[in-house]
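Top to bottom, those sequences are chains A and B.
Per this note's numbering, the very first residue in the first sequence carries number -12; after that it's consecutive.
Per this note's numbering, the very first residue in the second sequence carries number 75; after that it's consecutive.
Positions of the beta carbon are idealized from the N, C-alpha and C atoms, including for glycine.
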Amino acid sequence: MEQEETIPKTQTSEPVRRRTSWFATLRILYLRELKVYLGTPFGWVIIACAMALLGFCLQTVIQIMSKATGEGVMYYLLNNINFWFFFIFIFPLITMRSLAEEERQGTLEGLLTAPVTTTQIILGKYLAAYTFYLIIWVPLLLYPWMGQLANLYTEYRYGITASGEIPYLLADWFGPYAILSLMGAFFIAVGLLCSAMTRSQIISGILCTSFMISFYFTGRVTELWGEFPAAPVFHYISCTEQVSSFSRGLLDTRPAVLYLTLALFTLALVKRVVDYRRWTR
Amino acid sequence: MSMVSTEHLYKAFGRFMAVRDVNFNVEKGEIVGFLGPNGAGKTTTMKMLTGYLPPTAGTASIAGHDILDEPLEARRHLGYMPENVPLYDEMRVYEYLAYRAKLKGLYGKSVRAEVGRIIDRCGLETKRKNMIRTLSKGYRQRVGLADALLGTPELLILDEPTNGLDPNQIRQIRELIRELASEHTVLLSTHILSEVEMICNKVIIIDNGEIKAADTPARLTGSLRAAGRVSVEYKGELDVVMRELGAIPSVKKIIYEGTLPGGWQRLIVRAEPGTDTRERTAAIIARLGYPLRHIYRHIPSLEDVFVEMTRHD
Ligand SMILES: Nc1ncnc2c1ncn2[C@@H]1O[C@H](COP(=O)(O)OP(=O)(O)OP(=O)(O)O)[C@@H](O)[C@H]1O
Ligand SMILES: [Mg+2]
Chain A
-12 MEQEETIPKT
-2 QTSEPVRRRT
8 SWFATLRILY
18 LRELKVYLGT
28 PFGWVIIACA
38 MALLGFCLQT
48 VIQIMSKATG
58 EGVMYYLLNN
68 INFWFFFIFI
78 FPLITMRSLA
88 EEERQGTLEG
98 LLTAPVTTTQ
108 IILGKYLAAY
118 TFYLIIWVPL
128 LLYPWMGQLA
138 NLYTEYRYGI
148 TASGEIPYLL
158 ADWFGPYAIL
168 SLMGAFFIAV
178 GLLCSAMTRS
188 QIISGILCTS
198 FMISFYFTGR
208 VTELWGEFPA
218 APVFHYISCT
228 EQVSSFSRGL
238 LDTRPAVLYL
248 TLALFTLALV
258 KRVVDYRRWT
268 R
Chain B
75 MSMVSTEHLY
85 KAFGRFMAVR
95 DVNFNVEKGE
105 IVGFLGPNGA
115 GKTTTMKMLT
125 GYLPPTAGTA
135 SIAGHDILDE
145 PLEARRHLGY
155 MPENVPLYDE
165 MRVYEYLAYR
175 AKLKGLYGKS
185 VRAEVGRIID
195 RCGLETKRKN
205 MIRTLSKGYR
215 QRVGLADALL
225 GTPELLILDE
235 PTNGLDPNQI
245 RQIRELIREL
255 ASEHTVLLST
265 HILSEVEMIC
275 NKVIIIDNGE
285 IKAADTPARL
295 TGSLRAAGRV
305 SVEYKGELDV
315 VMRELGAIPS
325 VKKIIYEGTL
335 PGGWQRLIVR
345 AEPGTDTRER
355 TAAIIARLGY
365 PLRHIYRHIP
375 SLEDVFVEMT
385 RHD
């Protein structure tokens, strides 16, 4: 404390110190938020449910793959209606409480009267939620290894050399993870926006779920209406199509631009909403 | 340089003006009591000073830093305890205070040292590992106060720090605040006027969003209309005494309050504030040879001031 206060006054590099302390504060906010996800049952319940549901998807995938081949496991895992059915609910679950709960408890007042900016608070919450979202997908990396284990067991128990393998091919894994990260960057920001708009977790969750469902179906409009003059727009924002091409290994920069721009825009909006609600309260 | 100085502070909620043209200063080292009836605008004013609510018009500065131009620098100089003490229920006391200390810019070893010091100071030793959810109201209040004290800010803004506590706890918190006066300037709101008389050296009274008075308790009570009032009970003629007393220069009015059992006449002598007419009154009655059994100069309390300033009739 003493040093923080006295050193900069004698030094000339004032702006440099400010920068570092800006990130230090962000880091403190970020770590606390992450601790809320990983230090309470809340986060682990989400991870466990996501794992169970992914396991369910994998089971369907094995059924499919026993007939059709040609694509990797990740392709079938992500281009599967079971997957989308729970994927869109992950975002409201992760984000619904972050700002809404803070406001309901009144702790936002404590945060905003500490030497902290709104931007730092929002970024801290966003990065923590996003990190948690990424953590959800880590156990997926165990599937190939578990496949190996299963093969060994089959060989030992039944004496058959099982040939089913989930290879660790960068080509198979990079694409799906890239698109999952990109979509997450935007959808987490949307969830945060919904959370900033209300003091009720339920309402925030409902708002975010509605958005996710609308966005998902907007991407599939062309399947219903066929091709029409505005169709390219719908293709452009179709998350199902993007996942399909990325998980085949066909990487594209357009979704990256789309989601990162939307994420930044949404975060700017979150800041506006938090400030606006303060101004009118 | 004033610790707090507000310039024409206004706050509107929609069409409703919660705070109107508030101007006051708090000097370094003062303990200021911020008084007013429910809904007067105390909390709103405090929220504006701490930078949580933006003012509709006007501005304020904390330790010379404008709350609108340099919000972070202004906040670095203050510790705030909000009304109803919002806290993270799922955190432990130590963990929470350490987190707040870091947010306020402390780092490394100084976090531990400072949190330890504050925990001792606020009597939270036995609760340091407790979940905040499980704390009683009194301890929650202490955690809130501890939070405000972290990092020894020059200014403390405490919104009803003794709200909802039992008399023992109120006394302990009051003692704590009194001790704090040596290191901090304090601006506190409360509804317990005796508390203000005991610890504050300045009082600001706000009503309907407007400042009604800002002065030392002694001067406020001294300037009150009730201040020079003397009540007298004697046995004897009414007219002659009234005439004689009326001739004293500082006396403004004499009110006859009735005859008590046994023929005692009761009078109220209203004089200029700050004067004492007891001696001359007694002398007059003695000269007339009447027995005098009661003479009392009313000492107005802060409560009288409060009622007088915020009465709506
Ligand atoms: N968010 C808000 N929206 C609309 N009106 C508000 C809001 N917050 C406060 N008010 C109004 O502003 C006025 C002042 O409220 P404030 O909380 O500042 O009073 P107070 O002096 O702290 O009262 P108390 O002693 O009860 O705590 C009240 O009439 C209140 O109803
Ligand atoms: Mg209040």
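Quick check: residue i and residue j, are their CB atoms within less than 7 Å of each other?
i: F78/A; j: G192/A; result: no
i: R186/A; j: E96/A; result: no
i: V304/B; j: L319/B; result: no
i: V167/B; j: V217/B; result: yes
i: L399/B; j: A220/B; result: Residue 399/B falls outside the range modelled here, since chain B spans only 75 to 387, and no answer is possible.
i: I279/B; j: L109/B; result: yes
i: P235/B; j: L152/B; result: no
i: M165/B; j: I206/B; result: yes
i: M131/B; j: G115/B; result: The sequence shown places Ala at residue 131/B, rather than the Met named in the question. Going by C-beta atoms, A131/B is not nearer than 7 Å to G115/B.
i: M383/B; j: K276/B; result: no
i: I123/A; j: Y203/A; result: no
i: I53/A; j: S182/A; result: It is Ser, not Ile, that sits at residue 53/A in the sequence shown. Not in contact: S53/A and S182/A (Cβ atoms no closer than 7 Å).
i: P156/B; j: G125/B; result: no
i: I273/B; j: R293/B; result: no
i: M120/B; j: D233/B; result: yes
i: Y17/A; j: L98/A; result: no
i: V315/B; j: G107/B; result: no
i: L110/A; j: L256/A; result: no
i: Y120/A; j: I175/A; result: yes
i: L171/B; j: V189/B; result: yes
i: L224/B; j: A175/B; result: yes
i: L177/B; j: I15/A; result: yes
i: R371/B; j: R352/B; result: yes
i: A116/A; j: I81/A; result: yes
Run through the DSSP bridge pairs and tell me what residue i is partnered with.
i: G225/B; result: None; G225/B has no bridge partner.
i: V260/B; result: I105/B, L230/B
i: Y154/B; result: I231/B
i: T333/B; result: Q339/B
i: K309/B; result: W338/B
i: I266/B; result: None, per the DSSP bridge assignment.
i: A131/B; result: Y84/B
i: V96/B; result: L83/B
i: D289/B; result: V277/B
i: I369/B; result: V306/B
i: M122/B; result: According to DSSP, which records beta bridges pairwise, M122/B is partnered with nothing at all.
i: A345/B; result: V325/B
i: E284/B; result: D281/B
i: F380/B; result: BP columns for F380/B are empty, so no partner.
i: I136/B; result: V78/B, H139/B
i: F90/B; result: F87/B
Just to confirm my understanding: we take residue i, look at its own chain, exclude 5 residues before and 5 after, and list those with CB closer than 7 Å. What are they?
i: E331/B; result: R340, L341, I342
i: N204/B; result: R166, V167
i: A243/A; result: L169
i: M61/A; result: D159, W160, P163, S234
i: L64/A; result: C44, L45, V48, F70
i: I51/A; result: Y63
i: T(-1)/A; result: Confidence in T(-1)/A is poor, its pLDDT being 30 and thus under 50, which makes the residue's placement unreliable; the coordinate value appears in the next sentence. Counting only Cβ-Cβ distances below 7 Å, and skipping sequence neighbours, we find nothing.
i: L40/A; result: F73
i: D281/B; result: G110, P111, A114, M383, T384
i: K85/B; result: A92, V93, T118, M122, L127, P129, T130
Whose C-beta lies closer than 6 Å to the C-beta of residue i among residues of the same chain, with five residues either side of it excluded?
i: S135/B; result: S79
i: D95/B; result: H82
i: F173/A; result: Y246, L249, A250
i: L194/A; result: C181
With a CB to CB cut of under 8 Å and the five nearest residues on each side skipped, what residues in its chain are close to residue i?
i: E377/B; result: L267
i: N66/A; result: T227, V230, S231, S234
i: T349/B; result: G302, S324
i: V260/A; result: L180, A183, M184
i: R248/B; result: T236, E269, M272, I273
i: G238/B; result: K211, Q215
i: A37/A; result: F73, I77, I123
i: I244/B; result: T236, I266, E269
i: K(-4)/A; result: The predicted model places K(-4)/A with a pLDDT of 31, which falls under 50 and marks its position as unreliable; any figure quoted below should be read in that light. So no residue of the chain qualifies.
Please list, following the chain, all residues that have a C-beta closer than 7 Å to any non-hydrogen atom of ligand 2. Those residues are K116/B, T117/B, E157/B, D233/B, E234/B, S263/B, given in chain order.
For a minimum of 4 consecutive residues, which ranges assigned as the alpha helix (DSSP H) are wholly contained in the stretch 20 to 102 of chain A? The stretch 20 to 102 of chain A contains these whole alpha helix (DSSP H) runs: 28 to 54, 60 to 65, 68 to 82, 85 to 92, 94 to 99.
Counting only runs that start and end within the stretch 143 to 221 of chain B, where is the alpha helix (DSSP H) found for 4 or more residues in a row? If only uninterrupted alpha helix (DSSP H) runs of at least 4 residues are considered, those enclosed by the stretch 143 to 221 of chain B are 145 to 150, 167 to 177, 183 to 195.
Could you pull out every unbroken alpha helix (DSSP H) segment of at least 4 residues lying fully inside the stretch 139 to 201 of chain A, listed in chain order? Restricted to the stretch 139 to 201 of chain A, the alpha helix (DSSP H) segments that are unbroken, complete and at least 4 residues in length are 157 to 183, listed in chain order.
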